[in-house]
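Asker: Residue numbers (the working numbering), protein chains in the order written: chain G, 1215 to 1820; chain P, 80 to 638.
Please see the structure below; I have some questions.
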Amino acid sequence: MIGLFTGLVGISPGAGVLDDILHLGPMMIVAAWALLTLVTDAFAGPGRRVFQRRVALVGLGLATVVAAAQFGSWEYDGSLLVFGKFLQVDHFALLLDIAILLTAAAVITFAGDFARSHRFEYGEHETLVLIAAFGMMTLVHAADLVAIFLGLETMSIAVYVLVGARWNSRASSEAALKYFIMGAFSSGMLLMGIALLYGATGVTALSELAPQIARIFHGWMAAQPYVDLVMSPEGAPLDAIRDASDRAVTGIAPAALFFPGVIFILGALLFKVSAVPFHMWTPDAYEGAPTPTTGFMAAGVKIAGFAVLLKLFVAVFNTPRLVTAPYGWTSVVSIIAFATMTIGNLAAVRQTNVKRLLAYSSVAHVGYLLVGVVAAASFYGQGHYTGQARPADQLMWSRVTGDMAVASILFYLLVYAVATLGAFACVAWFGANKKEGVAAHEWSGVGLRHPGMALGLTICLLALMGMPPTAGFFGKLFVFRAAFENDNWLLRALVVTALLNSVIGAYYYLRLIVAMYFRPQPARQIETLPGRGAPLVVGAAAVLSLAMAVFASPVMKRCQLAAAGFAYAPGEAKADWVDSVRARWEAEEAAGNEPEADAASAERGS
Amino acid sequence: MNELLTVLLVWPIIGAVVVATLPQGETKLAKGIGLAFAVFEFLISIPLLTGFEVGKAGMQFETSVAWIPELGINYHVGLDGFSLWIVLLTTLLTPICIWGAWTSIEKRGAEFVAAMLVLETGMIGALVSLDLILFFCFWELMLVPMYLIIGVWGSEQRVAAAVKFFIYTMVGSALMLAAIIYLAVVHYNLTGGVWSFDLALLDQVVLPPEAQALCFWAFVASFAIKVPLFPVHTWLPDAHTQAPTPGSVILAGVLLKMGTYGMIRFAMPLFPLAAGDAATPLAILAVIGIVYGALVAYVQTDAKRLVAYSSVSHMGFIVLGIVSMSTQGLTGATFQSLAHGLTTGALFMSIGILYERRHTRLLSEYGGIAKVMPWFTAMFLIALLGSAGLPGLVGFVGEFLILVGTFTHGGLMIFGVPWIVAVAATGVILGAVYLLWLFQRLMFGPITNPKNEKLRDLSLRERLVFAPVILLIIFMGVYPAPFLERIDPTSQAAVTHFNLKRCASIRHAGAERPALLETLVERCEDPVEVIESVYGDERPATQFRRQLEQRAAAQGGSR
């Protein structure tokens, strides 16, 4: 924390500051470009929509190239901590950086057209998107609770403005106000949680938090005899009771601060990813916001929210006591996952507004992702030293399976972001001149009039539905496989529920496809957005949705690299783990592309 | 040579892309190009027949390439006696459907042809996949084009029928996917960390009884909906009635076979113990389907609905043959799949031809057609008699094999075989009743409706479309040997393997943990004897359960 400020003003005596800035290249570029676009806006002139877009896209492209160059570098195998222990650079953060940057780029590609056509063009749009992206990147790079708070606020405030930016629409202002009030409340919850955690442990760095959790539990358990004495003090001398009560309080106090802290933080993060019952704002905010912003929220904010959820809950709060009943958060999150997907899907069935439908569908997807989060945490939870001797291979197993589960979640997030961006881009494109085609019946016959866009949207919807041969199927397959691998019938039942839920999902996604292809065209037709931005995004999303299925393997490999050693604190141990993973891959590659299973089946066949 | 199946899978997709990228309005050109692609696809598939090694039971034309090695998902395809003929049926029916739709599909012809070609890839892919995820991908890929075919080109109630079709199928496949994942996880744990979805490898897993039952019913849920088996058949009459003629032909001809094929290929061999326990209820459902389908067909006033219910009846025979798990039963089921595909396809085409001319399917609108459409009447009669199972035509061979196989060798699986077979056999008679009655109402008698007096007989194109199907119906009925001899070895091997694995499951039934088949094989020197000793020739499965529980109690007591 202090490192950041001293570093930025150049007081820090170490020469590391410049290195740190270079390591954070993508973030720094985005920050610089956010300021740059603010300045260039003044020079832009009448054609500023195109000009500003180009400037912003150059910056985002540059940042993406830098992030892509950094990704996979051996330097970051052990999670490099920068600016003290404030931020960290690792493959996980870099992969999500790329996703966030591309999301922002996609949004900027068509948001300008949308704003102009609906008459609320304003110069700061690109700046706000870049600032929000900077906040998201802070979140995925965060190595400190304070960094999480700062990142979340940076992102949220920019997004509040983006939601309310459509000044000529009442719905937009209403959405912004709703989102802001709820968001501010959840930020307060997050801050409260962080404060409680700091009170309990005395640290804010994530890497130092994990050992402190063990200490808290230890202190709590050690205080138990004193608690018993205080609760039933028959016959004990007064001094002993007084002493016991002191010891009991000092022993329990950290735990008494810690658990509410965890719950507050969990609530705040679930709010940001809009899980039930913290989802109430989602349909209104998604509906009222300008559609490009809705896409940005559905893709970018969720990526960042899940990144934090993974960093904090899966990688840190994964001690056996914290992931198993009665103090475990996973049982709560399992119930939330069940409620989220079921309520999200059931509510979506009744929607006639396409934006609200997609909003509820995004809620449902959060439910599926939370199943994966529970699975990943459960794996890591089984790999701790708990007093009784555990075989080394079980520790190994827990790490391997946990990493795989995290990789599955990352894959799902990427696919979901691509497909949902494509869908919202298509919704944004359908409508012009202050007239949006968001009612489902207005989509009648679109398949005939605009076959290309309809096909693109259909592919994106099939990906959201989880139909093969789109990548959505593999996202679901990977996440649900991870959940199934836990030898836990509750989690398996959750997976079956999720699969049946995806049938409900199919029903309402089909309604859009039905409207587009099966219904006759209405007499009064909705205009479409001028410009090539939206079709470009829809086309790219559709192609990616299919390509990520055919080339699921290379994408998954990158997710696995990003997730390798996820539960390790930054340092040598993590670097060793990642190196061993890489070595295994290289050995596999050297052994030929034929996988082991294949050779075995050939043997049996002959 | 081994890439032949891959070519078969890719070629229709190329065709679909070519057709879909044609400029709008070029309907005739699109149909022509699509037909050329489909005919060429059929020609490519002929080497499958000539290159197929007769008497060999295992997979042929096998190819395997790693697809997602992280999870052991492979592109693994192959062909054996069960799939060979249905693949050929698919490649034969697709061009026939496209050509048959020459005049009936007018709006958006290019999209229609593209959907048919994508559907063809999906069907062939599902038939040749030897990796469960690959199979699932193709299984779902079939769904989307069929949904579009029903929904875009269907009759008045098409949207409801299409959505019903889609949702029914998705519910089933959701459960199946859960079972597939579970099986792969078990395999992973048993082998110490080998991820695989390969059928040959997952087939090595022997699950404990409860897990087998759950997984078996999850698979059967998916397949029974597709077949469709009696209580979940309700989507079929709607889908058939609303679908355009080519859609109905493909639906009846090939898509329904996916359900029975899936049972033969996946559900039965993967979970033999549960299959044995479930055989009796499934057989009863199949028989109910046979009789119920026939009776309901008899009272239909809509010709297409009548044929649709006759499908429910005929598919019941196929399911009966499968659950009997006898060599004749499996061979007969596969043969009957072909027979049903050809005859019902031809019946749907006939009704499509009438519908195209008169725009009604109501039986009361017709009568005395034989006088004005002699060619049509002849074609229709052959297809109809084939469907009714007249000896000398295709339908007889399959039904006879199924009934004989079930009667003689079904005792290991089904309780009360004679009764079941007796009731099923009445289905043959009922079939003759409703089909002949259909024929009488359409063709004979005076022409009561003046609109029917000027009906055109079949054009040359229509006659050519019918010709291959009608010739096959006769040829396969007179000389079924070349067909049967390619199916039989596979059936024998399947039954042997099934009994071995069922015996291994019995040996392993007391354990809570799954095991690998190879560790149990040595305890099954004579599988049939073991199964007989436990199940008896005619004993209900519950008795076996009781024995197990007694044994477990005795073990617990002695400890």
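C-beta atoms are modelled at their ideal positions from N, C-alpha and C, and glycine is treated no differently.
Values in this document were obtained by computation on a predicted structure and should not be read as measured data.
What residues in the segment 239-252 of chain P bring their beta carbon closer than 7 Å to a beta carbon of chain G?
Answerer: Answer in chain order: V242, F245, I246, M249 and V250.
Asker: Does the distance from the C-beta atom of G:R1557 to that of G:A1646 stay below 9 Å?
Answerer: Working through the first sequence from its first residue, we reach residue 1557 of chain G at position 343. Working through the first sequence from its first residue, we reach residue 1646 of chain G at position 432. Sequence check: residue 1557 of chain G is Ile here, not Arg. No, Cβ-Cβ distance for G:I1557 and G:A1646 is not below 9 Å.
Asker: At what residue ranges does the segment 152-199 of chain P contain a whole run of the alpha helix (DSSP H), taking only runs of 4 or more?
Answerer: Counting whole runs of 4 or more residues, the segment 152-199 of chain P contains the alpha helix (DSSP H) stretches 160-179.
Asker: Which value, in whole angstroms, describes the spacing of the CA atoms of G:T1251 and P:E82?
Answerer: Along the first sequence, read from residue 1 onward, the residue named residue 1251 of chain G stands at position 37. Along the second sequence, read from residue 1 onward, the residue named residue 82 of chain P stands at position 3. G:T1251 and P:E82: Cα-Cα distance of roughly 55 Å.
Asker: Keeping to the same chain, check which residues put their C-beta closer than 7 Å to that of P:V144; ignore five residues upstream and five downstream.
Answerer: Counting from one through the second sequence, the residue named residue 144 of chain P turns up at place 65. The answer, listed in chain order, is N153 and Y154.
Asker: Taking C-alpha atoms, which residue in P:I481, P:T505 and P:P224 lies nearest to P:A373?
Answerer: Within the second sequence, residue 373 of chain P is the residue found at index 294, counting from 1. Nearest of P:I481, P:T505 and P:P224 to P:A373, Cα basis: P:T505.
Asker: Going by beta carbon distance, what residues of the same chain come within less than 7 Å of G:S1658, once the five residues before and after it are set aside?
Answerer: For the purposes of this step, residue 1658 of chain G is taken as residue 444 along the first sequence, with counting starting at 1. Closer than 7 Å at the Cβ level, and outside the excluded window around G:S1658, lie A1729, R1733, P1734, Q1735 and P1736.
Asker: Helix, strand or coil, according to DSSP, for G:T1600 in the structure here?
Answerer: The count along the first sequence starts at 1 and reaches residue 1600 of chain G at position 386. The pLDDT assigned to G:T1600 is 49, lower than 50, so where the model puts this residue is not dependable; a value taken from the coordinates is nonetheless given after this. Note: G:T1600 maps to strand in three-state DSSP.
Asker: In angstroms with no decimal places, state the Cα-to-Cα distance between P:I566 and G:A1313.
Answerer: For the purposes of this step, residue 566 of chain P is identified with residue 487 of the second sequence, where counting begins at 1. For the purposes of this step, residue 1313 of chain G is identified with residue 99 of the first sequence, where counting begins at 1. Going from the Cα of P:I566 to the Cα of G:A1313 covers about 52 Å.
Asker: Buried or exposed: G:W1703, going by 16 or more other Cβ atoms within 10 Å of its Cβ?
Answerer: For the purposes of this step, residue 1703 of chain G is taken as residue 489 along the first sequence, with counting starting at 1. Under this definition G:W1703 is an exposed residue.
Asker: For G:L1344, I'd like the list of residues in its chain whose CB is within less than 6 Å of its CB, leaving aside the five on either flank, ordered along the chain.
Answerer: To locate residue 1344 of chain G, count along the first sequence from 1; it is residue 130. Taken in chain order, the residues that qualify are V1244, W1247 and A1248.
Asker: Output yes or no for whether 9 Å exceeds the beta carbon distance between P:A358 and P:M492.
Answerer: As a first step, residue 358 of chain P is located in the second sequence; it is residue number 279 there, counting from the start. As a first step, residue 492 of chain P is located in the second sequence; it is residue number 413 there, counting from the start. Cβ distance < 9 Å, so P:A358 and P:M492 count as in contact.
Asker: Whole angstroms are fine: how far does the CA of P:K107 sit from the CA of P:L101?
Answerer: Position 22 of the second sequence holds residue 101 of chain P. Position 28 of the second sequence holds residue 107 of chain P. Approximately 11 Å between the Cα atoms of the pair.
Asker: What is the C-beta distance between P:A300 and P:L269, in whole angstroms, given that I count them as a contact (C-beta under 8 Å)?
Answerer: By 1-based counting over the second sequence, the position of residue 300 of chain P is 221. By 1-based counting over the second sequence, the position of residue 269 of chain P is 190. With 8 Å as the limit, P:A300 and P:L269 do not qualify as a contact, their Cβ atoms being about 25 Å apart.
Asker: So that I know if they touch, is there some Cβ in chain P lying closer than 9 Å to that of G:G1230?
Answerer: Your numbering for residue 1230 of chain G matches position 16 in the first sequence. With 9 Å as the cut-off, G:G1230 does not count as an interface residue toward chain P.
Asker: Around the Cβ of P:A573, are there at least 16 other Cβ atoms within 10 angstroms (buried) or fewer (exposed)?
Answerer: Stepping through the second sequence from its first residue, residue 573 of chain P is reached at position 494. Burial call: buried.
Asker: Checking the sheet assignment: what are the DSSP bridge partners for G:K1649?
Answerer: Within the first sequence, numbered from 1, the residue matching residue 1649 of chain G stands at position 435. Its beta-bridge partners are G:A1646.
Asker: What is the DSSP secondary structure of G:E1559, counted as helix, strand or coil?
Answerer: Locating residue 1559 of chain G in the first sequence gives position 345, where the first residue counts as 1. Correcting the residue identity first, residue 1559 of chain G is Asn in this sequence and not Glu. Here G:N1559 sits in helix by DSSP.
Asker: Check for me: the alpha helix (DSSP H) holding G:F1694 runs from which residue to which?
Answerer: Within the first sequence, the letter at position 480 stands for residue 1694 of chain G. Start and end: A1685 to E1699.
Asker: Classify P:E564 as helix, strand or coil using the three-state DSSP reduction.
Answerer: Counted from its first residue, the second sequence places residue 564 of chain P at position 485. Here P:E564 sits in helix by DSSP.
Asker: Pull up the DSSP beta-bridge partners for P:Q139, would you.
Answerer: For this step, residue 139 of chain P is matched to residue 60 along the second sequence. Answer is P:L158.
Asker: Would P:D536 pass as a contact of P:F479 if the rule is Cβ separation under 9 Å?
Answerer: On the second sequence, residue 536 of chain P is found 457 positions in, with the first residue counted as 1. On the second sequence, residue 479 of chain P is found 400 positions in, with the first residue counted as 1. No.
Asker: Taking a cut of 9 Å between CB atoms, which residues from the segment 138-154 of chain P lie near chain G?
Answerer: Those would be M138, E141, S143, V144, A145, W146, I147, P148, E149, L150, G151, I152 and N153, in chain order.
Asker: Can you find a C-beta in chain P that's less than 9 Å from the C-beta of G:Q1735?
Answerer: Working through the first sequence from its first residue, we reach residue 1735 of chain G at position 521. G:Q1735 does not count as touching chain P.
Asker: Give, in chain order, every residue of the segment 1705-1724 of chain G whose Cβ lies closer than 7 Å to some Cβ of chain P.
Answerer: Residues V1709, V1710, L1713, L1714, S1716, V1717, A1720, Y1721 and L1724.
Asker: Tell me, please, whether the CB atom of P:A263 is closer than 9 Å to any CB atom in chain G?
Answerer: Taking the first residue of the second sequence as 1, we reach residue 263 of chain P at position 184. It does: the Cβ of P:A263 has a partner Cβ on chain G nearer than 9 Å.
Asker: Less than 7 Å between C-beta atoms, sequence neighbours within five positions excluded: which residues of the same chain meet that for G:K1648?
Answerer: Counting from one through the first sequence, the residue named residue 1648 of chain G turns up at place 434. The answer, listed in chain order, is H1332 and R1333.
Asker: Buried or exposed: which applies to G:H1237, given that a residue is buried once 16 or more other Cβ atoms fall within 10 Å of its Cβ?
Answerer: Numbered from its first residue, the first sequence carries residue 1237 of chain G at position 23. It counts as buried.
Asker: Using Cβ-Cβ distances below 8 Å, what residues of the segment 1430-1446 of chain G are close to chain P?
Answerer: Cβ contacts with chain P come from no residue of the segment 1430-1446 of chain G.
Asker: Under a CB-based cut-off of 9 Å, is P:L187 close to chain G?
Answerer: In the second sequence, residue 187 of chain P corresponds to position 108, counting from 1. Reading off the sequence shown, one finds Arg at residue 187 of chain P, where the question assumed Leu. Yes, contact with chain G.
Asker: Put P:N531 into one of helix, strand or coil per three-state DSSP.
Answerer: On the second sequence, position 452 is the one that residue 531 of chain P refers to. Reduced to three states, the DSSP call for P:N531 is helix.
Asker: Could you tell me whether the Cβ atoms of G:E1800 and G:G1292 are closer together than 9 Å?
Answerer: Taking the first residue of the first sequence as 1, we reach residue 1800 of chain G at position 586. Taking the first residue of the first sequence as 1, we reach residue 1292 of chain G at position 78. No, they are not a contact pair.
Asker: Quick check on G:M1770 - is its C-beta less than 9 Å from some C-beta in chain P?
Answerer: Within the first sequence, the letter at position 556 stands for residue 1770 of chain G. Judged by the 9 Å Cβ criterion, G:M1770 is in contact with chain P.
Asker: Which bits of chain P does G:A1766 rub up against, with CB to CB less than 7 Å?
Answerer: As a first step, residue 1766 of chain G must be located in the first sequence, where it is residue number 552. Those within 7 Å of G:A1766 in chain P are I147.
Asker: Give the interface partners of P:A257 over in chain G, defined as CB-CB distance under 7 Å, in chain order.
Answerer: Locating residue 257 of chain P in the second sequence gives position 178, counting from the first residue. Simply V1709, V1710 and L1713.
Asker: Of all Cβ atoms in chain G, is any one closer than 9 Å to the Cβ of P:C216?
Answerer: The residue labelled residue 216 of chain P in the question sits at position 137 within the second sequence. Closer than 9 Å: yes.
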